[in-house]
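Peer 1: Take a look at this one; I'll ask things after.
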Amino acid sequence: MKLHEYQAKAFFKNYGIPIPEGHVTSIAREAKQIAEEIGCPVVVKAQVLAEGRGTSGGILLAKSPQEAEKAASEILSKKIHGLSVRNVLIDEALSIEKEYFLLITLDREKRMPLLMMYESGTIYIETAANALFDNLDRIYIDPLIGLQRYQVRQLANRLDFQQKYLRGLTEICLGMWKLFCDMDARMVAINPLVITKDQRLLVLDGKITLDENARFRQEYLVDFRDYDVEAYGEFEARKHGLDYIKMDGNIGCLVNGAGLTMATLDCIQDNGGHPANFMDLGAGVNIDKVIAALDILLNDPQVKVVLVNIYGGMTRCDDIAYGLQAAIEKYGTEIPIIVHMGGTHADSGIRILKDLDILFAPSMVDAVKKAATIVGGN
Amino acid sequence: MKLHEYQAKAFFKNYGIPIPEGHVTSIAREAKQIAEEIGCPVVVKAQVLAEGRGTSGGILLAKSPQEAEKAASEILSKKIHGLSVRNVLIDEALSIEKEYFLLITLDREKRMPLLMMYESGTIYIETAANALFDNLDRIYIDPLIGLQRYQVRQLANRLDFQQKYLRGLTEICLGMWKLFCDMDARMVAINPLVITKDQRLLVLDGKITLDENARFRQEYLVDFRDYDVEAYGEFEARKHGLDYIKMDGNIGCLVNGAGLTMATLDCIQDNGGHPANFMDLGAGVNIDKVIAALDILLNDPQVKVVLVNIYGGMTRCDDIAYGLQAAIEKYGTEIPIIVHMGGTHADSGIRILKDLDILFAPSMVDAVKKAATIVGGN
Amino acid sequence: MSILINKSTRVIVQGITGREGNFHARQMINYGTQVVAGVSPSHGGSWVLDEKVPVFDTMQAAVEVTEANASIIFVPARQATDALLEAADSGVELVVCITEGIPVQDIAKVYHYMKTKEVRFVGPNCSGIINPGEVKIGITPEDCVIAGKVGIISRSGTLSYMIMEAMKEQGIGVSTCIGIGGDILQGTSFVEAMEMFETDPYTERLLLIGEVGGLEEERAARFAAYQMSKPVAAFLAGKSAPPGKRMGHAGAYIEAGIGTLKSKIEAFDSAGVKVVTEIPELMKLLEK
Amino acid sequence: MSILINKSTRVIVQGITGREGNFHARQMINYGTQVVAGVSPSHGGSWVLDEKVPVFDTMQAAVEVTEANASIIFVPARQATDALLEAADSGVELVVCITEGIPVQDIAKVYHYMKTKEVRFVGPNCSGIINPGEVKIGITPEDCVIAGKVGIISRSGTLSYMIMEAMKEQGIGVSTCIGIGGDILQGTSFVEAMEMFETDPYTERLLLIGEVGGLEEERAARFAAYQMSKPVAAFLAGKSAPPGKRMGHAGAYIEAGIGTLKSKIEAFDSAGVKVVTEIPELMKLLEK
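Protein chains in written order, with the numbering used here: chain A, -14 to 363; chain B, -14 to 363; chain C, 2 to 289; chain D, 2 to 289.
Given below as structure tokens:
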């Protein structure tokens, strides 16, 4: 889960990380007022969870409050990469001398958080993590000890970072680390950190990605969802503990296990079909969950056939069968349903479903082929 | 540094540890009001940093608000172990079914915090730590991981603690642990933790001892000093980074290094003398610190002779000599001063002092003997 | 017999009184696993599974009484970190965590804590370990696999079951299948599991079942090329996965260009490891 | 030569640009210690001590360039925890911390962190280590001690200097003196130092200099009785210390009946270790 720039910046501020003077608004005429308060020039920035706002006209410079209002109104009526802009952030415009990129994330190989720092221009955020085997510009953080000041010194030292900003950099990195821990983040990025011509060290933009597994102890997480980004059903699915992603095809999928779901989608593609979604039932399946899953699928007008591919392990096929039975009783079978079941309690699962108007398939590949045939191969 | 019961309880409350309803006051007639609010019976408890308040009449039961006022007025006019009572705590009186003792402190051998729990009656707080080799009722806490819930379960399990209070106990222990860490405590004790007849789990009394080394990052520490307990000079000394303890004798001591100071005091005692104080110059000695130390000694009317015993190491004898020179210029030598110096820069130290009206001794034992002679052997 | 576990492994089931824990404890016993105890706070003193398995309040007590040397965790995510640390502290040598949804920062801590205690940590969010025909510490359905010479390491439970079933239909058996789990951080990685298989006399060749996200498959490819003598094949899922979306598993996402299937396929290709993305193809590969 | 350090030990001084660090770095060099570098954040690139010792911003850079294997810390208490962790991470094998006043909970963390890194930690709040006539990593005045066969372990700096000077006057020399420090928690305890002396061929007998507080002397007494072949004597300070008061050292206090000199004397007595509390007595004991 990702936060908007203005949300991330509000957290940065709380953690003592210096940000430019700025305010967020959804109303263009308020932009004028804000620009007056801050003093011009200002930057007006679209708040959308998309890369490349700058090149899409999502970031504009305004030299007067009037210009700020105009820019805000322009951006707020825009769509950026298909996403409408709900809010703009108006920040003081700064003269920048030097730019840096800072990142705390998790290293899967070492199972440790790491802190990376680059001088901007030397590398782009999108490719930073690719610099896999280069240890020079990264510091591993012992999760049992946490980030220490000396580690920031080491990093600054390697980059010939100016001494006079070292204390500021240290506070920023320690703030990032504390935020990373407190919020159960998966990633905290600052891009750019700037040294301005008037010798301030400021964070101009940043990203925070949160760990959805921590939802049970991070209650605010739900408030930060950007509902606009989510397709219909994604919110409903999450409520029921389903992993659902809406896609463009017409074969609705209902699978258990993330790997198996991916393999099913791949198999559909290989057989010339187009999946309508990713839907992993996840752990702890009960009747309500299966009904909710089928409800989401059948409410998607693009779905022309439903492919159920279940392999029992932690999840038992009979539990799913009871769910399917109840769902079919409720919704009927106007949209054809194809079922493949294997593994734990597969036999009794099939027995439960055998009198219903559904198609059975002896294997996943067979089930996929049947589904593809129904929707016309394409 | 120790906190009063009411101070400790305020912290407990902040950390989610349940305490009885109660309020502190220094005015007897307020005790009546408080008792009315809480509802009688109440317990009126002297807030002094002394053991055995109960047996010294420092804890009284009051069955009516009038009785509470009387009890408060009685206690507030009392001295307990020589300490006057500034405040009383009025707590709801409880019917107790079972009592426990809980302690988090540091284990010197393992260099780890530990959590101990006893059923009261089985052991007394004063001797609890003596049960050195008995691991059954203690849990070691990995300082890099912190106290975990399962550890509290282990402890409860060994004591056959009632299941239905286990969740409450866990929250109390985790609260103690968080408090221990956040406050840089050396010890957090709860005594007793009670199960009341009306089935509540409450903390009736507790102690917190703080780590004075953490003063630089625990700014509130200074607010919690109980100035009444401190002899004249102790506060002054701390301001200057001196380790000073007022004692009953007449030989004023000024030494560097804690071990050497103790050995000097022991030597005075062995030679029939009585030290007036413990005074360790500590690390980072400068002229002002030496002047401050001598100022404290010379302001103690009991001091009849000053014994300076310095062995240079981290501290250099010449630095001390300059300080003594300045102090003697300021205060004169009405009170005789005996000096022994050895170690780093001892020669130049003695050279700096040689024209002043002080006595030199070739060894610590000799210096002590000279001092004892001056004050008349006894 | 094969790696990590065998018939004399003595297993404690943490969360044995829960629905899943209870069900799979029975399955494991039926399969031949020595389930010597269960742990479930506040159920200590009771007996479960036809009164044959004692339940303890704490791991410490359970290990003391039963001398268990392995544990499997079914407790809910909210309590799982506590259960993991408890297991690490209890003296067992192997901890298999089935639980899904544990915060990743907790796993980082647990991983390093287990390391200092020299405990082998498998999972979380995994299917556990099975030595077909002999013993299992996990949730793999017993019917889906037969004993044989192929070692399997998989990020996905159900996908591995389906693949093993397809193998079974071809008469291809498995020495050990380790589910390493679908989370961002894994107690045991592909490479670490591969090291164990390399020296295991019961394993002749290896199958890795990977998916989008992270770079563990790329590391596995390098390891296969430079440090394995046994032949390795790979099946990868997620070629249709869009970037920026979490594909069910916490660890299965493409972000900032990292974690694409393309990169993984290239890594295996250039390491000389046969890699496929379709099950029929995989079967052809394994038949050889 | 004796334990822990020798002439080929390559030492970094952390806090070399401070007053104490600078002074004692020079003293150590004059004594024969190889001080190969200093570390002082924001002084990197400069040279100190007659332009002979290079200063680095970080331990990592200093160790990389100089291949040092030991460090001594003089930085103020506020920065000392950071310096200790930095040293632990840098690759040196021995860290001696002179700094006084470090919060005790930090020391607990540092101790366990150093342990996982297999770094020997001596101090804090200690006088360091001296092998008389050869080398020192610490602040012991050079004139107070001569080489010999007595190993010394002391909780107090200045007291050990005065005792060693008295020994010198009697012609009794020292193999190694380790100051273990006066704090509540010590990186190296009496018992751990005793273990090292037991196997040191240059040490014939041991002198422990203890004081009130804690139970380390009691543990040392047990160790001397059951696990030492070399004779042990003890000098103890603080018999006039009142209970409940901290006697200068953070670790020197009697609380809840723990830490009394009486208990320590009894422990040594019953272990058959000669124990004294007066310097003239000690000298008689050591002369024998």
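All C-beta atoms in this analysis are idealised placements derived from N, C-alpha and C, irrespective of residue type, glycine included. Quantities reported herein were computed from a predicted structural model and do not represent experimental measurements.
Please look up how many angstroms separate the CB atoms of threonine 82 of chain C and isoleucine 103 of chain C, rounded, as I've assumed it's under 8 angstroms.
Peer 2: In the third sequence, the residue the question calls residue 82 of chain C occupies position 81. In the third sequence, the residue the question calls residue 103 of chain C occupies position 102. With a Cβ gap of about 6 angstroms, threonine 82 of chain C and isoleucine 103 of chain C count as contacting.
Peer 1: Whose C-alpha, out of A:Glu15, A:Lys83, A:Lys95, is nearest the C-alpha of glutamine 147 of chain A?
Peer 2: Locating residue 147 of chain A in the first sequence gives position 162, where the first residue counts as 1. Cα-wise, what sits closest to glutamine 147 of chain A is A:Lys83.
Peer 1: Would you mind sorting glutamate 111 of chain A into buried or exposed? The rule is 16 or more other CB atoms within 10 Å of its CB.
Peer 2: Start at 1 with the first residue of the first sequence, and residue 111 of chain A comes out as number 126. Confidence in glutamate 111 of chain A is poor, its pLDDT being 46 and thus under 50, which makes the residue's placement unreliable; the coordinate value appears in the next sentence. With fewer than 16 other Cβ atoms within 10 Å, it is exposed.
Peer 1: Tell me where the alpha helix (DSSP H) around histidine 44 of chain D begins and ends.
Peer 2: Counted from its first residue, the fourth sequence places residue 44 of chain D at position 43. Counting along the chain, histidine 44 of chain D falls outside any alpha helix (DSSP H), and DSSP gives it neither H nor E.
Peer 1: Using the Cα positions of isoleucine 320 of chain B and leucine 283 of chain B, report the straight-line distance between them to the nearest angstrom.
Peer 2: Stepping through the second sequence from its first residue, residue 320 of chain B is reached at position 335. Stepping through the second sequence from its first residue, residue 283 of chain B is reached at position 298. Taking the straight line joining both Cα atoms gives about 8 angstroms.
Peer 1: Kindly confirm or deny that the region 269 to 287 of chain C and the region 211 to 226 of chain C touch, where touching means at least three C-beta pairs closer than 8 angstroms.
Peer 2: yes
Peer 1: Taking a Cβ distance cut-off of 7 angstroms, strictly less, list which residues of the region 130 to 144 of chain B are near chain C, in chain order.
Peer 2: Ile130, Gln133, Arg134, Tyr135, Arg138, Gln139, Asn142
Peer 1: Between which two residues does the alpha helix (DSSP H) harbouring phenylalanine 165 of chain A extend?
Peer 2: Within the first sequence, residue 165 of chain A is the residue found at index 180, counting from 1. First-last of the alpha helix (DSSP H) with phenylalanine 165 of chain A: 151 to 167.
Peer 1: Among the residues of its own chain, which have a CB less than 6 angstroms from the CB of alanine 251 of chain C, if the five just before and after it don't count?
Peer 2: Here the question's residue 251 of chain C lines up with position 250 in the third sequence. Hits under 6 angstroms: Asp184, Ile185.
Peer 1: Kindly indicate if chain C contains any beta-carbon less than 9 angstroms away from that of glutamate 111 of chain B.
Peer 2: Counting from one through the second sequence, the residue named residue 111 of chain B turns up at place 126. Since pLDDT at glutamate 111 of chain B reaches only 46, below the 50 mark, its modelled position is unreliable, and no value is offered.
Peer 1: Is the Cβ of serine 43 of chain D closer than 9 angstroms to any Cβ of chain A?
Peer 2: Along the fourth sequence, read from residue 1 onward, the residue named residue 43 of chain D stands at position 42. Interface residue, yes.
Peer 1: Counting only Cβ pairs nearer than 8 angstroms, list the residues of chain E close to leucine 151 of chain A.
Peer 2: Note that chain E does not occur in the displayed structure, where the protein chains are A, B, C and D.
Peer 1: Going by the DSSP bridge assignment, what does tyrosine 229 of chain A pair with across the sheet?
Peer 2: On the first sequence, residue 229 of chain A is found 244 positions in, with the first residue counted as 1. Beta-bridge pairing links tyrosine 229 of chain A to A:Met264.
Peer 1: Scan the region 111 to 143 of chain D and note each continuous alpha helix (DSSP H) run of 4 residues or more that stays entirely inside, going in chain order.
Peer 2: none
Peer 1: On the premise that valine 120 of chain C lies in contact with valine 93 of chain C, defined as a C-beta separation below 8 angstroms, what is that separation, rounded to the nearest angstrom?
Peer 2: Within the third sequence, numbered from 1, the residue matching residue 93 of chain C stands at position 92. Within the third sequence, numbered from 1, the residue matching residue 120 of chain C stands at position 119. Taking a contact as a CB-CB distance under 8 angstroms, the pair valine 93 of chain C and valine 120 of chain C counts as one, their CB atoms being some 7 angstroms apart.
Peer 1: Are any of the Cβ atoms in chain B nearer than 9 angstroms to that of isoleucine 266 of chain D?
Peer 2: As a first step, residue 266 of chain D is located in the fourth sequence; it is residue number 265 there, counting from the start. Not one chain B Cβ lies under 9 angstroms of isoleucine 266 of chain D.
Peer 1: Which residues of chain A have a Cβ atom closer than 8 angstroms to the Cβ of tyrosine 112 of chain D, listed in chain order?
Peer 2: Here the question's residue 112 of chain D lines up with position 111 in the fourth sequence. Ordered by position in chain A, no residue passes the 8 angstroms Cβ test against tyrosine 112 of chain D, which lies about 12 angstroms from the chain.
Peer 1: Which class does tyrosine 203 of chain C belong to by DSSP, given the choice of helix, strand or coil?
Peer 2: To locate residue 203 of chain C, count along the third sequence from 1; it is residue 202. In the structure shown, tyrosine 203 of chain C sits in coil (DSSP, three-state: anything other than H, G, I, E or B).
Peer 1: Between glycine 267 of chain B and asparagine 241 of chain B, is the Cβ-Cβ spacing less than 9 angstroms?
Peer 2: Numbered from its first residue, the second sequence carries residue 267 of chain B at position 282. Numbered from its first residue, the second sequence carries residue 241 of chain B at position 256. Taking 9 angstroms as the Cβ cut-off, glycine 267 of chain B and asparagine 241 of chain B qualify as a contacting pair.
Peer 1: In the DSSP assignment, what are the bridge partners of methionine 97 of chain B?
Peer 2: The sequence position of residue 97 of chain B within the second sequence is 112, counting from 1. Under DSSP, methionine 97 of chain B takes part in a beta bridge, and its partners are B:Asp92.
Peer 1: Between lysine 163 of chain B and the rest of its own chain, which residues show a CB-CB distance below 8 angstroms, the 5 nearest in sequence each way excluded?
Peer 2: Taking the first residue of the second sequence as 1, we reach residue 163 of chain B at position 178. Cβ within range, chain order: Tyr0.
Peer 1: Reducing DSSP to helix, strand and coil, say where phenylalanine 224 of chain D ends up.
Peer 2: Here residue 224 of chain D refers to the residue found at position 223 of the fourth sequence. Helix.
Peer 1: Quick one: measure Cβ to Cβ for isoleucine 272 of chain A and alanine 311 of chain A, integer angstroms, because I've assumed they're closer than 8 angstroms.
Peer 2: Taking the first residue of the first sequence as 1, we reach residue 272 of chain A at position 287. Taking the first residue of the first sequence as 1, we reach residue 311 of chain A at position 326. Confirmed, Cβ separation roughly 5 angstroms.
Peer 1: So which residues of chain C does glutamine 148 of chain B contact, with C-beta pairs closer than 7 angstroms?
Peer 2: For the purposes of this step, residue 148 of chain B is taken as the residue at position 163 of the second sequence. Per Cβ cutoff of 7 angstroms: Ser43.
Peer 1: In terms of residue numbering, what span does the alpha helix (DSSP H) encompassing leucine 245 of chain B cover?
Peer 2: Locating residue 245 of chain B in the second sequence gives position 260, counting from the first residue. It spans 243 to 255 - the alpha helix (DSSP H) in which leucine 245 of chain B sits, taken as one unbroken run.
Peer 1: Taking all protein chains shown into account, do 16 or more other C-beta atoms lie within 10 angstroms of the C-beta of aspartate 169 of chain B, making it buried, or fewer, making it exposed?
Peer 2: The count along the second sequence starts at 1 and reaches residue 169 of chain B at position 184. By the 10 Å Cβ count, aspartate 169 of chain B comes out buried.
Peer 1: So isoleucine 175 of chain A and glycine 153 of chain A are supposed to be a Cβ contact under 8 angstroms. How far apart are they, rounded?
Peer 2: Stepping through the first sequence from its first residue, residue 175 of chain A is reached at position 190. Stepping through the first sequence from its first residue, residue 153 of chain A is reached at position 168. 12 angstroms between Cβ atoms; not a contact.
Peer 1: Are any of the Cβ atoms in chain D nearer than 9 angstroms to that of tyrosine 127 of chain A?
Peer 2: Taking the first sequence and counting its residues from 1, one reaches residue 127 of chain A at position 142. A small fix is needed here, since residue 127 of chain A is aspartate in this sequence, not tyrosine. By this cut-off, aspartate 127 of chain A is an interface position.
Peer 1: Could you pull the start and end residues of the beta strand (DSSP E) that aspartate 76 of chain B belongs to?
Peer 2: What you label residue 76 of chain B is simply residue 91 of the second sequence in a count that begins at 1. Its beta strand (DSSP E) spans residues 73 to 77.
Peer 1: Within its chain, find whatever has a CB closer than 6 angstroms to the CB of aspartate 76 of chain A; leave out the 5 residues flanking it on each side and keep chain order.
Peer 2: In the first sequence, residue 76 of chain A corresponds to position 91, counting from 1. For aspartate 76 of chain A, where only same-chain residues beyond five positions count, the Cβ hits under 6 angstroms are Pro5, Gly7, Val28.
Peer 1: Determine the chain D residues that contact leucine 245 of chain B at a beta-carbon separation under 7 angstroms, and present them in chain order.
Peer 2: For this step, residue 245 of chain B is matched to residue 260 along the second sequence. The contacting residues are Ser157, Thr159, Leu160, Met163.
Peer 1: May I ask you to report which of helix, strand or coil DSSP gives valine 213 of chain C?
Peer 2: The sequence position of residue 213 of chain C within the third sequence is 212, counting from 1. Coil at valine 213 of chain C, not helix or strand.
Peer 1: Among residues of its own chain, excluding the 5 on either side of valine 33 of chain A, which ones have a beta-carbon nearer than 6 angstroms to its beta-carbon?
Peer 2: Within the first sequence, numbered from 1, the residue matching residue 33 of chain A stands at position 48. Ile65, Leu68, Val70.
Peer 1: What is the rounded straight-line gap between the Cα of arginine 301 of chain A and the Cα of alanine 31 of chain A?
Peer 2: As a first step, residue 301 of chain A must be located in the first sequence, where it is residue number 316. As a first step, residue 31 of chain A must be located in the first sequence, where it is residue number 46. Distance between the alpha carbons of arginine 301 of chain A and alanine 31 of chain A: 47 angstroms.
Peer 1: Express the C-alpha separation of arginine 200 of chain B and glycine 297 of chain A in angstroms, rounding to a whole number.
Peer 2: Residue 297 of chain A sits at position 312 when you count from the first residue of the first sequence. Residue 200 of chain B sits at position 215 when you count from the first residue of the second sequence. Distance between the alpha carbons of glycine 297 of chain A and arginine 200 of chain B is about 59 angstroms.
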